[in-house]
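Here the structure comes first, spelled out in structure tokens, and everything after it is commentary.
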């Protein structure tokens with residue numbers, strides 16, 4: 001039992017690190033496209049990577065905050081920014097846009113499902129868990145877009161966004177309800193969100209007006 | 210005593226539900242006017258209805274959050290959105306504007322006074338209670354307007370807005386200080402805020418520059 | 419020991435009051451430039467003065483919030499607004515801009531270092547302390563600029579801003595590490611931030627692209 005618990009928290013840790021990198025990367029690229037300086041780029045990467053999880057921790061009253069508990073997360077984003085700046089000088093716009101979209105889709109999946117999972121651990125009712133998942137997944141990207149003076153992806157009439165997170169969270173929570181191993185349920189939930197969002201971008205899937 | 214306490218919390222509950230519906234409705238209409246899709250409309254309704262109360266609960270350190278404790282609030286807004294979308298297709302703009310104004314005025318009154326009331330219950334000093342009331346009342350609408358890319362009503366030079374909440378909160382808190390029954394003080398505070406805001410919109414009442 | 423503790427908290431109190439006045443003032447002037455009415459001006463002054471510290475308290479889980487514990491802070495900003503409005507009617511734009519810049523630089527220094535200091539008191543790791551300092555120092559001004567519909571100073575490609583706070587916080591924390599008296603370390607950290615930001619504005623110092 002104890003070893004399973006350790007394993008699960010290792011899975012969650014790995015998922016969180018991957019989510020941070022994916023979102024930091026999307027923030028990094030978008031800030032570069034806006035021609036910001038090094039501090040601006042780091043700030044946007046930081047806010048995108050930690051915004052959703054911070055709101056999740058505030059709403060669930062989890063302390064210390066995840067990036068306070070894991071100082072290495074901060075150092076990671078800081079180091080990534082320093083390393084990536086020289087490489088990003090000549091990124092073409094169309095290619096940058098693609099990277100942002102996929103990195104964002106991955107971050108969306110990873111953070112949505114950890115958000116739903118932590119809410120479920122805190123015994124919240126299921127509808128609340130779903131909303132916590134969606135908020136955690138969506139909020140970092142919303143902050144990134146507001147800072148970069150773009151209309152947030154999530155509010156644009158256009159390709160499915162929050163919907164993917166919504167369906168991914170339900171998938172994960174229902175799979176867990178029927179007693180599937182938690183780490184498998186997690187991975188399926190993440191995959192559903194990521195694939196659905198990627199398909200939505202690729203084939204311009206939208207909701208009916 | 211116990212029965213009085215139950216009664217009071219029932220009154221507060223009813224007021225909170227009414228405030229949620231009023232604000233959700235104003236968010237719903239504004240998002241429809243912006244031609245958002247179903248998820249966008251739900252998000253804006255959700256944020257408008259729960260933004261002020263969530264900030265209040267964060268600032269007062271009240272957990273669980275009110276919409277976590279009452280999962281039915283979430284389901285209510287979700288159901289309202291589903292029901293209302295087909296009906297709203299052909300709403301004329303001028304009529305929609307009117308509905309937004311009145312629903313917003315009602316939400317403003319309801320949330321301002323519950324905010325002030327909960328702060329007073331937590332033994333905060335009176336000036337802080339007033340600010341908590343104003344913040345709770347105003348914040349949901351501010352988020353709605355930011356998301357919909359409008360300058361928030363409260364910051365526009367124009368008809369009295371925060372002022373109505375400010376005066377409503379003082380009215381409520383002073384009435385309670387002189388030992389009026391709490392539920393009556395509450396209703397008077399709400400009425401003062403709502404009527405004052407409605408008159409301000411109707412007759413274009415403004416502060417001197 | 420006890421007397422030293424009292425002295426330190428007196429120093430922090432004085433620094434906090436000075437920071438509130440400086441930021442409230444910068445908010446006040448910017449709101450006047452935007453031709454807001456009295457309530458708008460008070461709101462912007464309030465948000466600028468208390469935004470950074472409130473986020474700091476939320477992230478560090480400090481309750482009561484600093485402006486709830488010190489009701490006099492609220493009354494101070496309220497009184498300042500009432501007194502200052504008649505005087506500000508005929509402020510020339512260029513002069514107002516200068517005042518905003520210096521008041522903002524001072525507020526940045528004062529809040530950055532208190533943020534870092536409170537995080538250090540809460541035993542946070544040093545990199546987290548620095549980020550808390552930067553967030554506390556920068557956030558009030560970001561809110562002010564968003565409300566006034568300006569691109570936040572901190573995100574503009576231009577004169578050093580967050581960088582000054584960043585270096586000031588490191589200076590303070592390292593001086594404290596080598597056992598300099600805390601109040602002297604504090605004053606040096608504040609001075610470094612303020613002077614660096616003022617020089618950056620005066621001589622248009624920027625980071626390399």
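Residue numbers (my numbering), protein chains in the order written: chain Z, 1 to 209; chain B, 210 to 418; chain Y, 419 to 627. Note that beta-carbon positions come from the ideal geometry of N, C-alpha and C, so glycine has one too.
- Residues are counted here when their Cβ sits less than 7 Å from a Cβ of chain Z; for the segment 542–560 of chain Y these are 542, 543, 545, 546 and 549, given in chain order.
- DSSP places residue 368 (chain B) within a strand segment (E or B) once states are collapsed to three.
- The shortest CA-to-CA distance from residue 75 (chain Z) to any of Y:436, Y:444 and Y:548 is the one to Y:548.
- Residue 445 (chain Y) is a Cβ neighbour of residue 562 (chain Y), given a cutoff of 7 Å.
- In this structure, residue 117 (chain Z) sits away from residue 11 (chain Z), with a CB-CB distance that is not shorter than 7 Å.
- Listed as beta-bridge partners of residue 624 (chain Y) by DSSP are Y:577.
- For residue 79 (chain Z), the enclosing alpha helix (DSSP H) stretches over residues 71–87.
- Those residues of the segment 253–272 of chain B placed with their C-beta closer than 8 Å to a C-beta in chain Y are 267, 268 and 270, ordered along the chain.
- Here DSSP, grouped into helix, strand and coil, assigns residue 541 (chain Y) to coil.
- Taking the Cα positions, residue 57 (chain Z) is about 43 Å away from residue 513 (chain Y).
- For the pair residue 481 (chain Y) and residue 246 (chain B), the CB atoms are not nearer than the 7 Å cut-off.
- Taking CB atoms only, residue 37 (chain Z) has a neighbour in chain Y less than 7 Å away.
- Contact between residue 311 (chain B) and residue 407 (chain B) holds: CB atoms are separated by about 7 Å, below the 8 Å threshold.
- A residue is called buried once 16 or more other Cβ atoms fall within 10 Å of its Cβ, and residue 374 (chain B) is buried on that count.
- In terms of beta-carbon proximity, residue 402 (chain B) stays away from the interface with chain Y, with every pair separated by 7 Å or more.
- Comparing alpha carbon positions, the residue from Z:127, Z:109 and Z:45 closest to residue 84 (chain Z) is Z:45.
- Chain Z places a beta carbon closer than 7 Å to that of residue 581 (chain Y), counting this residue as a contact.
- Collapsing the DSSP output to three states places residue 36 (chain Z) in coil.
- If you check each beta-carbon in the segment 63–86 of chain Z against every beta-carbon of chain Y, the ones closer than 7 Å belong to 63, 65, 68, 71, 74 and 75.
- Interface criterion met: the Cβ of residue 416 (chain B) is under 7 Å from a Cβ in chain Y.
- Between residue 441 (chain Y) and residue 461 (chain Y), the CB-CB gap reaches or exceeds 7 Å.
- In the structure shown, residue 225 (chain B) adopts helical secondary structure according to DSSP, grouped into three states.
- Look at residue 479 (chain Y) here: in three-state DSSP terms it is coil, with no helix or strand label.
- Around the beta-carbon of residue 359 (chain B), fewer than 16 other beta-carbon atoms lie within 10 Å, marking it exposed.
- Residues of the same chain with a CB within less than 6 Å of the CB of residue 139 (chain Z), apart from the 5 flanking positions on each side, are 51, 52 and 55 in chain order.
- Taking C-beta atoms as the reference points, residue 113 (chain Z) and residue 186 (chain Z) count as a pair closer than 7 Å.
- Assigned with DSSP and collapsed to three states, residue 510 (chain Y) falls in coil, not helix or strand.
- Less than 7 Å divides the Cβ of residue 402 (chain B) from the Cβ of residue 377 (chain B).
- It is roughly 30 Å from the alpha-carbon of residue 432 (chain Y) to the alpha-carbon of residue 67 (chain Z).
- By the Cβ-count criterion, residue 443 (chain Y) is buried, with 16 or more other Cβ atoms from all chains shown falling within 10 Å of its own Cβ.
- Excluding five sequence positions before and after residue 126 (chain Z), the CB atoms of its chain that fall closer than 7 Å to its own CB belong to 173, given in chain order.
- Assigned with DSSP and collapsed to three states, residue 602 (chain Y) falls in helix.
- The beta carbon of residue 506 (chain Y) lies closer than 6 Å to those of 450 in the same chain, with the five residues before and after it left out.
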